[in-house]
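Here the protein sequences line up with chains A and B, keeping their order.
Taking numbering that gives the first Met the number 0, the leading residue of the first sequence gets 0, the next gets one more, and so forth.
Taking numbering that gives the first Met the number 0, the leading residue of the second sequence gets 0, the next gets one more, and so forth.
Yeah, the Cβ is synthetic: ideal placement off N, Cα and C, and Gly gets one too.
Below: the structure, in structure tokens.
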Amino acid sequence: MKILVPVKRVIDYNVKPRVKADGTGVDLANVKMSMNPFDEIAVEEAIRLKEQGKAEEILVVSIGPAKAQETLRTALAMGADRAILVQVDDGTEVEPLAVAKILKAIADEEQPGLVLLGKQAIDDDSNQTGQMLAALMARPQGTFANTVEVDGDSVTVKREIDGGLETVKLALPAIVTTDLRLNEPRYASLPNIMKAKKKPLDNKTPADYGVDTAPRIKTLKVAEPPVRQAGIKVADVDELVAKIKALGIA
Amino acid sequence: MKTLVWVEHDNAHMKDATLAAVTAAGKLGEVHLLVAGANCRAVADEAAKIAGVGKVHLADNAAYEHALAENIAPLVVDLMGHHDAFICPATTTGKNIAPRVAALLDVMQISDILSVEGDKTFTRPIYAGNAIATVESSDAKLVITVRGTAFEKADATSGSASIEDVSGAGDAGLSSFVGSEIAESERPELTSAKIIVSGGRALKDAETFEQVITPLADKLGAGIGASRAAVDAGYVPNDYQVGQTGKIVAPEVYIAIGISGAIQHLAGMKDSKTIIAINKDEDAPIFQVADLGLVGDLYKIVPELTEKL
């Protein structure tokens, strides 16, 4: 089967985001960008399934500015076979619903047996795209996956839920979103980075798939969160005990 | 506006997360509840007692027992014919179901709201809580998940809503529940605990974590949390994780022990009322948000603290 892995280019997870002074958003100019960490896990899982002989081809897709090509090349260097960039203008944000519609159109063309996505992107923290894609494709979803086992015409997914783990069995084709502990993504080696430059990468636009990406949600303002008052440092345990007792909890 | 609120439950009891979602829904207008499960009439009886609830829709069907999104979403979409908004607590169940419902309704979901600013205007955290966005929906119907710690809990005893049975399509035939491993615990649940004692990578291993953290938590009647580093290192199960990708908590008191305070962790606990940090590195970022900090060796400090409390 073919595995489709959507990946997103986001602010690097180590960077502390700065809110623009005019309140229109977060300043992304000259900020280090990387592949969304959950998407790296999705790419890794797809590669492992291919290595197990459960998949023949891995197609990675990104919807974003021209620079999202770099993110796709990273996925190709990790081991994906080919890529599609659905390009939008720099600075244009495409909401999860529109992303899901584009992915649905791609899935209709490519007929993947499995779609692997990250559980959420660390920029908008939405946690929606996988579930929305599953709804649009009318296929089952295995969200927050901790373990993924493909067996014949079904996939068994162990999911991280509040309070523990839950296992579900889904008929293929299915949509699975990755949680942190699914795997440890590999690094791309230099020879593989060079090889990735020769792998096929198609350029498309949302219009090619007939999807309207006009936002449904308008951002009125982006602000810094309330700042906590700086606290005090106590000298020893006795002072800490006294302060804790003053809080009335012990 | 008429809202439909997802009732979180285990088929026997309603979960607390529901109450914050009801408060958020109450700010939009009339509140109806949906109890979907198997043999779950007791949950509907419990839910009917929440103050401010107009009606409880009860869908009792074996197909709904484990809240599989494939089976639940069509049921919700049916009910959305006469509701204007669908609201879920931002639990793993809510996050699993709500976007599926939104896509079937062709609307964008608004995730993890912190406040209701108007009929269609909400605030929500982005970039791991490093920015707060005020957003306005242009969709005809709203689908929203609610951050439980950002809203007061609705009174769960003074209501008297009527219960109406609804039938749904039942099993969509796409997925099945195989089993679950739920961590048994006598402790208060992390997201509703008043006090949380949380440990990080500095605890060395599972045994040390247990020896150092548990006695203090016992003394305070506290829930136990952990940083991602402690979870990844295998000291504790992953449902202990506090942070952007784990649980979001806001207890009265949060005690961070051997936790440096990475962005990812702060996103999950910085709305706690009082933060206490114990760390040997005086430059650890956790001290920038801590109300009370003590620099020193946790292996000496924590047992002494437990002793003296």
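Beta-bridge partners of residue i, as assigned by DSSP
i, result
"A:LYS232", "B:GLY292"
"B:SER136", "A:ILE216"
"B:GLY178", "A:THR166"
"A:SER61", "A:LEU84"
"B:GLN108", "B:VAL142"
"A:LEU149", "This sequence places Val at residue 149 of chain A; Leu is not what is there. A:VAL154, per the DSSP bridge assignment."
"B:TYR253", "B:ILE195, B:ILE274"
"B:CYS39", "For B:CYS39, which the question treats as bridged, DSSP gives no partner whatsoever."
"B:GLU29", "B:LYS1"
"A:LEU115", "A:VAL175"
"B:ILE59", "Note that residue 59 of chain B corresponds to Asp in the displayed sequence, not to Ile. B:GLY36."
"B:THR120", "B:GLU135"
"B:GLY222", "B:ILE195"
"B:THR125", "The sequence given here has Ile at residue 125 of chain B, not Thr. Bridge partners of B:ILE125: B:ALA130."
"B:VAL115", "B:PHE121"
Close-in-space but distant-in-sequence residues of the same chain around residue i (CB under 7 Å, 5 per side omitted)
i, result
"A:ILE46", "ILE57, MET77, GLY78"
"A:LYS103", "LEU132, LEU135, MET136"
"B:GLU116", "THR122, THR133"
"B:VAL30", "THR2, VAL4, VAL21, ALA24, GLY51, VAL52, GLY53"
"B:ASN237", "VAL230"
"A:SER125", "PRO95, GLN119"
"B:ILE162", "ALA43, ALA47, VAL55, LEU57"
"A:LEU48", "ILE2, ALA54, VAL149"
"A:VAL167", "GLY141, VAL156, ARG158"
Collapsed DSSP secondary structure at residue i in the structure displayed
i, result
"A:TYR186", "coil"
"B:LEU67", "coil"
"A:ALA104", "helix"
"A:MET136", "helix"
"A:MET32", "strand"
"B:VAL196", "strand"
"B:HIS264", "helix"
"A:VAL6", "coil"
"B:GLU303", "helix"
"A:GLN51", "coil"
"A:ARG158", "strand"
"A:MET193", "helix"
"A:SER125", "coil"
"B:HIS82", "coil"
"B:LYS246", "strand"
"B:ASP336", "Outside the displayed span of chain B (0 to 308) sits residue 336 of chain B, for which this structure offers no information."
"B:ASP164", "strand"
"A:LYS19", "coil"
"A:ARG180", "helix"
"A:LYS203", "strand"
"B:MET13", "strand"
"A:PHE37", "helix"
"B:PHE208", "helix"
"B:GLY53", "strand"
"B:PRO187", "coil"
"A:GLU94", "coil"
"B:LEU93", "Reading the sequence as shown, one finds Gly at residue 93 of chain B and not Leu. B:GLY93: helix per DSSP, three-state reduction."
"A:PRO224", "coil"
Beta-carbon separation (whole angstroms), residue i vs residue j, contact threshold 8 Å
i, j, result
"B:GLU7", "B:LYS1", "The pair is not a contact, with the Cβ atoms about 20 Å apart (cut-off 8 Å)."
"A:ASN35", "A:VAL9", "5 Å"
"A:VAL149", "A:LYS53", "4 Å"
"B:ILE194", "B:ILE256", "Not a contact, Cβ separation roughly 13 Å."
"B:VAL235", "B:LEU215", "Between B:LEU215 and B:VAL235 the Cβ distance is about 15 Å, and since that is not below 8 Å, they are no contact."
"A:LYS1", "A:PRO139", "Going by Cβ atoms, the distance from A:LYS1 to A:PRO139 rounds to 18 Å, so no, they are not a contact pair."
"A:GLN127", "A:THR142", "The pair is not a contact, with the Cβ atoms about 10 Å apart (cut-off 8 Å)."
"B:GLY260", "B:VAL248", "Not really, about 15 Å apart at Cβ, beyond 8 Å."
"A:PRO224", "B:ALA72", "Not quite, the Cβ-Cβ distance comes to about 32 Å (not below 8 Å), so this is no contact."
"B:LEU293", "B:ILE285", "Incorrect: roughly 11 Å between the Cβ atoms, too far for contact."
Nonlocal neighbours in the same chain, by C-beta distance under 6 Å from residue i, ignoring five residues either side
i, result
"A:ASP80", "GLU56, ILE57"
"B:ASP9", "none"
"A:GLN68", "LEU84"
"A:PRO64", "ASP89"
"A:ASP26", "ARG17, LYS19"
"A:THR146", "LYS157"
"A:ASP237", "none"
"A:LYS100", "VAL210"
"B:ALA16", "GLU7, PRO88, THR90, GLY147"
"B:LEU67", "SER174"
"B:ASN165", "Note on identity: in this sequence residue 165 of chain B is Val, with Asn being the wrong assignment. Correct list, in chain order: HIS56, ALA58."
Same chain, Cβ closer than 8 Å to residue i, neighbours up to 5 away in sequence not counted
i, result
"B:THR156", "LYS48, ALA50"
"B:VAL106", "SER136, ASP138, ALA139, LYS140, LEU141, VAL142"
"A:ALA222", "VAL18, GLY22"
"A:LYS197", "none"
Residue i CB to nearest heavy atom of the ligand SAH below 7 Å
i, result
"B:ILE277", "Looking for the ligand SAH in the displayed structure turns up nothing, as the structure carries no ligands at all."
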